[in-house]
Amino acid sequence: MIVETSRFGRVEVDPCNVIEIPRGLIGFPPEQRFILFEHKPGEPFRWLQSLDDPALALVVVDPHIFFPDYEAEISEEEARALGIDDPGEAQILTTVTVRRSMGQITTNLLGPLVISLRNGRGAQLVLDGDRYTTRHPLPMAARREEEPSLSSVA
Amino acid sequence: MLVLTRRAGQSIQIGEDVEITVVEVRGDQVRLGINAPRNVSILRKEILEEIHAETRQAAEADADVLAELSGIAGETPGP
Numbered sequence: 001m002i003v004e005t006s007r008f009g010r011v012e013v014d015p016c017n018v019i020e021i022p023r024g025l026i027g028f029p030p031e032q033r034f035i036l037f038e039h040k041p042g043e044p045f046r047w048l049q050s051l052d053d054p055a056l057a058l059v060v061v062d063p064h065i066f067f068p069d070y071e072a073e074i075s076e077e078e079a080r081a082l083g084i085d086d087p088g089e090a091q092i093l094t095t096v097t098v099r100r101s102m103g104q105i106t107t108n109l110l111g112p113l114v115i116s117l118r119n120g121r122g123a124q125l126v127l128d129g130d131r132y133t134t135r136h137p138l139p140m141a142a143r144r145e146e147e148p149s150l151s152s153v154a
Numbered sequence: 155m156l157v158l159t160r161r162a163g164q165s166i167q168i169g170e171d172v173e174i175t176v177v178e179v180r181g182d183q184v185r186l187g188i189n190a191p192r193n194v195s196i197l198r199k200e201i202l203e204e205i206h207a208e209t210r211q212a213a214e215a216d217a218d219v220l221a222e223l224s225g226i227a228g229e230t231p232g233p
């Protein structure tokens, strides 16, 4: 099927890859369908594009690539509603925010998306506790800034 | 909005399943105890608002952002 997007023009998508988010993203309208676009194969950052709102698209990433110890706990009720019986059936993604003026790239580890790999149903969670925030700097971005001083020391 | 006055130890029952008890009042802070079925989501409102604001900010990214990010991704060690 062909979908209209405001960033990428008309895009052909495979209906099998459609992600349904019945409750919507937090603060956004419910009953939204999305699709994941790869930028380049093998890259961790992808676009989550709404099929219902051409202007709604977010950059998302698998947070485990940058934060290997990251844990998103999902309630039994939520898991059941999404059709997830086993952690291996869930894909976790977090949104990425780029603030160019501040040279800052962060990801929201407090409100991750959980998507069932079996049926494409997903939800945005709010994690308990104060372990995570909405703005974790991506460590690689930080390291890149530090590199010149490290090499001069060596 | 319905406004009720309660003292510490008193409760409010909402529907059949939800009970909110005032546990303690100290200065401008109130501790609440909530009994609700597990499928009822209970969240501090400001956290919900913070996540909404961050998601909205993320949704403002333009199409060029991934090209910028790909430089960072290139330096990422494998998972």
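As you go down the protein sequences, you meet chains A and B in turn.
Per our numbering, residue 1 is the first one in the first sequence, and the count goes up by one each step.
Per our numbering, residue 155 is the first one in the second sequence, and the count goes up by one each step.
Cβ coordinates follow ideal geometry from the N, Cα and C atoms, glycine included.
DSSP, read as helix, strand or coil, puts B:Glu222 in helix.
Contact check for B:Ile201 against B:Ile188 fails: the beta carbons are separated by 7 Å or more. Residue pairing from DSSP leaves B:Val177 without any beta-bridge partner.
One Cα belongs to A:Arg23, the other to A:Ala123, and the distance between them is close to 7 Å.
Nearest neighbour of A:Arg33 by Cα position, chosen from A:Phe45, A:Glu43, A:Gly83 and A:Asp14, turns out to be A:Asp14.
In terms of beta-carbon proximity, B:Arg192 lines the interface with chain A, with at least one pair separated by less than 7 Å.
For chain B, the residues of the segment 4-36 of chain A that bring a beta carbon within less than 8 Å of one of its beta carbons are Arg7, Phe8, Leu25, Ile26, Gly27 and Phe28, in chain order.
Taking all protein chains shown into account, B:Val219 has 16 or more neighbouring C-beta atoms within 10 Å of its C-beta and is therefore buried.
If you draw a straight line from the Cα of A:Lys40 to the Cα of B:Leu156, it is about 53 Å long.
For B:Ala217, the C-beta contacts it makes with chain A under 8 Å involve Arg7 and Phe8, in order along the chain. Proximity of B:Ile205 to chain A, defined by a Cβ-Cβ separation below 7 Å, is satisfied. Taking 7 Å as the cut-off, the Cβ atoms of A:Leu138 and A:Ile105 count as close. Within chain A, the residues placing a beta-carbon under 7 Å from that of B:Arg210 are Gly27, ordered along the chain. Counting only the Cα atoms, A:Arg46 lies some 14 Å from A:Ile19.
Taking CB atoms only, A:Phe45 has a neighbour in chain B less than 7 Å away. Closest in alpha carbon position to A:Asp62, among A:Thr107, A:Glu12, A:Arg131 and A:Arg7, is A:Thr107. Straight-line measurement puts the Cα of B:Lys199 at about 33 Å from the Cα of A:Asn17.
When 9 Å is used as the limit between beta carbons, A:Ala57 is near these residues of chain B: Ala213, Ala215 and Ala217, in chain order.
B:Gly187 carries a strand assignment under DSSP once its states are collapsed to helix, strand and coil.
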